[in-house]
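Before any comments, here is the structure.
Number of protein chains: 2
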Amino acid sequence: MASVGLDELQLAARNHGLPLEALAYPVTPLGLHYVLTHFDIPAVDAATFRLDIAGAVERPLSLRLDEIQARPAVTAAVTMECAGNGRALVQPHVVSQPWLLEAVGTMEWTGTSVAGLLDEAGVRSDAVEVVFEGLDAGIDGAVEQLYARSLSLADARSDGVMLAYAANGVPLLPQHGFPLRLVVPGWYGMTSVKWLRTIRVVAEPFQGYQQAHAYRMRVSEDEPGTPVTRMVPRALMVPPGIPDFMTRERFVAAAAVPIAGRAWSGWGGIEGVDFSSDGGESWHPATLAEPIGRHAWRAWSYTWRPDRPGRYELCCAARDDAGNRQPLAPPWNVGGYSNNAVQRVPVTVRAQDQ
Amino acid sequence: MASVGLDELQLAARNHGLPLEALAYPVTPLGLHYVLTHFDIPAVDAATFRLDIAGAVERPLSLRLDEIQARPAVTAAVTMECAGNGRALVQPHVVSQPWLLEAVGTMEWTGTSVAGLLDEAGVRSDAVEVVFEGLDAGIDGAVEQLYARSLSLADARSDGVMLAYAANGVPLLPQHGFPLRLVVPGWYGMTSVKWLRTIRVVAEPFQGYQQAHAYRMRVSEDEPGTPVTRMVPRALMVPPGIPDFMTRERFVAAAAVPIAGRAWSGWGGIEGVDFSSDGGESWHPATLAEPIGRHAWRAWSYTWRPDRPGRYELCCAARDDAGNRQPLAPPWNVGGYSNNAVQRVPVTVRAQDQ
Numbered sequence: 008m009a010s011v012g013l014d015e016l017q018l019a020a021r022n023h024g025l026p027l028e029a030l031a032y033p034v035t036p037l038g039l040h041y042v043l044t045h046f047d048i049p050a051v052d053a054a055t056f057r058l059d060i061a062g063a064v065e066r067p068l069s070l071r072l073d074e075i076q077a078r079p080a081v082t083a084a085v086t087m088e089c090a091g092n093g094r095a096l097v098q099p100h101v102v103s104q105p106w107l108l109e110a111v112g113t114m115e116w117t118g119t120s121v122a123g124l125l126d127e128a129g130v131r132s133d134a135v136e137v138v139f140e141g142l143d144a145g146i147d148g149a150v151e152q153l154y155a156r157s158l159s160l161a162d163a164r165s166d167g168v169m170l171a172y173a174a175n176g177v178p179l180l181p182q183h184g185f186p187l188r189l190v191v192p193g194w195y196g197m198t199s200v201k202w203l204r205t206i207r208v209v210a211e212p213f214q215g216y217q218q219a220h221a222y223r224m225r226v227s228e229d230e231p232g233t234p235v236t237r238m239v240p241r242a243l244m245v246p247p248g249i250p251d252f253m254t255r256e257r258f259v260a261a262a263a264v265p266i267a268g269r270a271w272s273g274w275g276g277i278e279g280v281d282f283s284s285d286g287g288e289s290w291h292p293a294t295l296a297e298p299i300g301r302h303a304w305r306a307w308s309y310t311w312r313p314d315r316p317g318r319y320e321l322c323c324a325a326r327d328d329a330g331n332r333q334p335l336a337p338p339w340n341v342g343g344y345s346n347n348a349v350q351r352v353p354v355t356v357r358a359q360d361q
Numbered sequence: 008m009a010s011v012g013l014d015e016l017q018l019a020a021r022n023h024g025l026p027l028e029a030l031a032y033p034v035t036p037l038g039l040h041y042v043l044t045h046f047d048i049p050a051v052d053a054a055t056f057r058l059d060i061a062g063a064v065e066r067p068l069s070l071r072l073d074e075i076q077a078r079p080a081v082t083a084a085v086t087m088e089c090a091g092n093g094r095a096l097v098q099p100h101v102v103s104q105p106w107l108l109e110a111v112g113t114m115e116w117t118g119t120s121v122a123g124l125l126d127e128a129g130v131r132s133d134a135v136e137v138v139f140e141g142l143d144a145g146i147d148g149a150v151e152q153l154y155a156r157s158l159s160l161a162d163a164r165s166d167g168v169m170l171a172y173a174a175n176g177v178p179l180l181p182q183h184g185f186p187l188r189l190v191v192p193g194w195y196g197m198t199s200v201k202w203l204r205t206i207r208v209v210a211e212p213f214q215g216y217q218q219a220h221a222y223r224m225r226v227s228e229d230e231p232g233t234p235v236t237r238m239v240p241r242a243l244m245v246p247p248g249i250p251d252f253m254t255r256e257r258f259v260a261a262a263a264v265p266i267a268g269r270a271w272s273g274w275g276g277i278e279g280v281d282f283s284s285d286g287g288e289s290w291h292p293a294t295l296a297e298p299i300g301r302h303a304w305r306a307w308s309y310t311w312r313p314d315r316p317g318r319y320e321l322c323c324a325a326r327d328d329a330g331n332r333q334p335l336a337p338p339w340n341v342g343g344y345s346n347n348a349v350q351r352v353p354v355t356v357r358a359q360d361q
């Protein structure tokens, strides 16, 4: 891996991933879910907050938070992953938020459905997309902007797409979009606009920076590329044993080692997870637990019985029922998006007398 | 600044600082306080948890969590900072958790006093120190260990030193030491042992790794050095204006710019904060707000009136009533500890028509 410079370190110090031992929790405790903030975290006064629904609608709306909370509520466990997860492991190096593998989490989001609010506002027949715009302001790629992303009308109306005002039973934390955010199950996290201020229904496809320039799959800067959308499958394991502080290398005893993790895909259900203790040469099926929700990761486990002391490279690989499978080597693209190459955990098995 | 490699990036991705805009909150919201975990975050079952108080005491104790919670409770806002804050800004480069300036936070901790529990156990006359040992296991400097630190009897009995089971009104989050941790106001965070399992009163000074080897001020590896203890003074400001995503450079309008921040010292009260817009050439006194607590940071503010568009370097510097003042250049030591050189925030003032 290339080393990272000051710009990337600044991002790594303020944003953070899920410490992988926290994969042990089916629902990620507060403060352990990954956070990626493009600009600054806005401090929003819930008492004066308004959500505007405008554009190509019959009845524009301007709603207080308590009015949104008075609408029919849904709660769902949703696994969310950053599109840049795995970026620091691609070659050649891509300069941006330098995630290794930990930009993921699952929270129980509570909110009201976007489809319901669009029905209230009455979408006009010429509408094609819905633009979600946040309160977070900054400069990206030399363009001053409020963070904004769009969805097609069909995607915005999908089952499970909600405006969330609570997570894990408490009001949103500032860093997760207080007081209101979009949550789009199955899609990478950039879709789930935080500090949501405006929903604008539009008759032309949205050309904002985060839609038309960022978050596109392309292998050279001068091609338009294709949009980054849903999460490709990934399995992660809790690194077993104990770590070395600095290297994070793992040490286990020469005994049966319980391995546990979670797997998810935005393209379908998890069909299977395979485990390898030889760097991906040979694979063994792990046991899947029952799903905890349609939009949440699925637990898996395997009992590893190393046959000798020494160094091993543990891997896990997920496949989904849409036919997608994790690759062994990182795919490359200009933005370093969507790298779901298998996790590799170097482990030393210690002799019994150590 | 030197670039950082994979080992440091692994630490930066799992640990995290306070995004500096969150200095706006007098008490840091959940999930925004800095986190530094040496090993893995243990998952502890509060129902079977025990705290043992052992060693040179008349009446060894083994207490359930509810028994600790039944003792007299205290709540206090305490500012906590990592001893390695500022490490990534020292030269030559020191390899460890690569903090820039953000390893700080203030929470309202609730717990029971350590002095009270020591009185209950009855400290024997030959005792000299108290060792606090956590449940977090790992390897550091080639030594396998449970994380542990000691305090002199006098320091352990100090006013404000508590065993905390709640922060900001809720049970400790896993990453902050659930179900029980030590909180030592005024000292760097390594002192406030998380996932506390054992308090051992000892008749000889503790020689554990984190006490005798790590967290010592020394300018060469082969000297014993002196212990890192209390926080030296530091002021930080909320970076004004809006950021560029990648560089975090700031942009403001050519108008009166409100500057706000917090300052703290473990050696005494904050006596003053000074502000500079020319990289530390000239200084102007900021206004201090009333303290929010004896052990908490103090708010300060200044109205900056730039006289032309262009680039500026904003700085702030705190001094305490014990006579300590922040230096302009980073001090160097082997561990990269206690670097409280003044914050430097590059800002571009834009012309009015931009």
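From first to last, the protein sequence lines are chains F and Y. Count along the first sequence from 1, add 7, and you get the number used in this note's numbering. Count along the second sequence from 1, add 7, and you get the number used in this note's numbering. For each residue, glycine too, the CB sits at the ideal point set by N, CA and C. Note that this is a predicted model, so its numbers are computed, not measured.
### Query
At what residues does the alpha helix (DSSP H) containing F/Ile299 begin and finish?
For F/Ile299, there is no enclosing alpha helix (DSSP H), as DSSP marks it with neither H nor E.
### Message
Rounded to whole angstroms, what is the Cα-Cα separation between F/Glu211 and F/Leu43?
### Response
Each residue's CA atom was taken as its position, placing F/Glu211 and F/Leu43 some 29 Å apart.
### Query
When the Cα atoms are used, what is the spatial distance from F/Val138 to F/Gln217?
One Cα belongs to F/Val138, the other to F/Gln217, and the distance between them is close to 11 Å.
#### Entry: Residue from Y/Tyr344, Y/Phe252, Y/Asp14 and Y/Ala267 with nearest C-alpha to F/Ala144
Out of Y/Tyr344, Y/Phe252, Y/Asp14 and Y/Ala267, the CA that lies nearest to the CA of F/Ala144 is found in Y/Phe252.
### Query
Checking contacts by CB at 8 Å: is F/Arg255 closer than that to chain Y?
Yes, F/Arg255 counts as interfacial toward chain Y.
### Task
With a threshold of 16 other CB atoms inside 10 Å of the CB of Y/Asp306, please say whether the residue is buried or exposed.
Contrary to the premise, residue 306 of chain Y reads as Ala rather than Asp in this sequence. Buried.
### Query
Is Y/Arg362 helix, strand or coil by DSSP?
Since the first and last residues shown for chain Y are 8 and 361, residue 362 of chain Y lies out of range.
### Query
Does any CB atom of chain Y fall closer than 8 Å to the CB of F/Gln350?
No, F/Gln350 does not count as interfacial toward chain Y.
#### Entry: Endpoints, beta strand (DSSP E) assigned at Y/Ile60
Where Y/Ile60 is concerned, the enclosing beta strand (DSSP E) stretches over Arg57 to Gly62.
### Task
Kindly indicate which residue of F/Val280, F/Ala63, F/Ala358 and F/Trp290 has the alpha-carbon position closest to the one of F/Gly330.
Comparing Cα positions, the closest option is F/Val280.
### Neighbour list for Y/Gln182 in chain F, Cβ cutoff strictly below 9 Å
Those are Pro26, Ala29, Pro36, Gly38 and Leu39, listed as they occur along chain F.
### Message
Which same chain residues end up closer than 6 Å to F/Ala54 when comparing Cβ atoms and leaving out the 5 residues on each side of it in sequence?
### Response
Short of 6 Å from the beta carbon of F/Ala54, and not among the five residues preceding or following it, lies no beta carbon of its own chain.
#### Entry: Span of the beta strand (DSSP E), counted from its first residue to its last, around F/Arg241
In this chain, the beta strand (DSSP E) harbouring F/Arg241 covers Arg241 to Met244.
### Reduced DSSP category for Y/His40 - H, G, I as helix; E, B as strand; rest coil
Per DSSP, reduced to three states, the secondary structure at Y/His40 is coil, with no helix or strand assignment.
### Query
If you draw a straight line from the alpha carbon of Y/Tyr41 to that of F/Val190, how long is it in whole angstroms?
Rounded to whole angstroms, Y/Tyr41 to F/Val190 spans 26 Å at the Cα level.
### Message
Let's see if you can read the secondary structure: which residues bound the alpha helix (DSSP H) around Y/Leu160?
### Response
In the DSSP assignment, Y/Leu160 falls within the alpha helix (DSSP H) that extends over Leu160 to Ala163.
### Message
For Y/Leu70, report the span of its beta strand (DSSP E) as first-last.
### Response
In the DSSP annotation of this structure, the continuous segment of the beta strand (DSSP E) that includes Y/Leu70 starts and ends at Leu68 to Arg71.
### Message
If distances are taken between C-alpha atoms only, which option among Y/Glu136, Y/Val177 and Y/Leu142 comes closest to Y/Leu158?
### Response
Of the candidates Y/Glu136, Y/Val177 and Y/Leu142, the one whose C-alpha sits nearest the C-alpha of Y/Leu158 is Y/Glu136.
### Query
Once you ignore the five residues that flank F/Asp327 on each side, which residues in its own chain have a CB closer than 8 Å to its CB?
The beta carbon of F/Asp327 is closer than 8 Å to those of Pro240, Ser272, Trp274, Gly275, Gly276, Ile277 and Glu278 in its chain, skipping five residues each way along the sequence.
### Task
Below 6 Å CB to CB, which residues in the same chain sit around Y/Pro334 once its five sequence neighbours on both sides are set aside?
Hits under 6 Å: Ala348.
### Message
Given this structure, state the Cα-to-Cα distance separating Y/Gly300 from Y/Ala83, to the nearest angstrom.
### Response
Going by the C-alpha atoms only, they are around 7 Å apart.
### CB contact check: Y/Pro265 to chain F, cutoff 8 Å
With 8 Å as the cut-off, Y/Pro265 does not count as an interface residue toward chain F.
### Query
Using a Cβ cut-off of 8 Å, which residues of the stretch 79-107 of chain Y contact any Cβ in chain F, in chain order?
The stretch 79-107 of chain Y vs chain F, Cβ under 8 Å: Ala95, Val102, Ser103, Pro105, Trp106 and Leu107.
### Query
Does Y/Gly145 get closer than 8 Å to chain F when you measure Cβ to Cβ?
Residue-level contact check: Y/Gly145 touches chain F, since one or more beta carbons of chain F fall below 8 Å from its beta carbon.
### Query
Looking only at C-alpha atoms, which of F/Val352, F/Ala267, F/Ser103 and F/Gly129 sits nearest to F/Arg164?
Closest option to F/Arg164, Cα to Cα, is F/Gly129.
### Task
Starting from Y/Gln17, find everything on chain F with Cβ-Cβ shorter than 7 Å and list it in chain order.
Per Cβ cutoff of 7 Å: Leu107 and Arg255.
#### Entry: Run of the alpha helix (DSSP H) containing Y/Gly279, from where it starts to where it stops
Segment Ile277 to Ser283 is the beta strand (DSSP E) holding Y/Gly279; no alpha helix (DSSP H) there.
### CA-to-CA distance, F/Leu107 to F/Glu256, given in whole angstroms
The C-alpha of F/Glu256 lies about 15 Å from the C-alpha of F/Leu107.
### Task
Could you tell me which uninterrupted beta strand (DSSP E) segments, each at least 3 residues in length, are contained entirely in the stretch 76-139 of chain Y, listed from first to last along the chain?
Along the stretch 76-139 of chain Y, the beta strand (DSSP E) occurs as fully enclosed runs of 3 or more residues at 81-88 and 111-120, listed in sequence order.
### Task
Below 8 Å CB to CB, which residues in the same chain sit around F/Val235 once its five sequence neighbours on both sides are set aside?
Ala90, Tyr195, Met197, Tyr222, Arg223, Met224, Gly342, Tyr344 and Ser345, listed in sequence order.
### Task
Using the Cα positions of F/Thr233 and F/Val209, report the straight-line distance between them to the nearest angstrom.
Roughly 21 Å between the two C-alpha positions.
### Task
Tell me whether F/Asp47 is buried or exposed, calling it buried when 16 or more other Cβ atoms sit within 10 Å of its Cβ.
F/Asp47 should be labelled buried.
### Nonlocal neighbours in the same chain, by C-beta distance under 6 Å from F/Gln182, ignoring five residues either side
Hits under 6 Å: Val42 and Ile48.
### Query
Hey, out of Y/Val150, Y/Cys322 and Y/Leu179, whose CA is closest to Y/Ala219's CA?
Per the C-alpha coordinates, the member of Y/Val150, Y/Cys322 and Y/Leu179 positioned closest to Y/Ala219 is Y/Val150.
### Task
Assign Y/Thr198 to one of three DSSP states: helix, strand, or coil.
In this structure, Y/Thr198 counts as helix in the three-state DSSP scheme.
### Query
What does DSSP give as the partner residues of Y/Ile249 in its beta bridges?
Answer by DSSP bridge pairing, in chain order: Y/Phe258.
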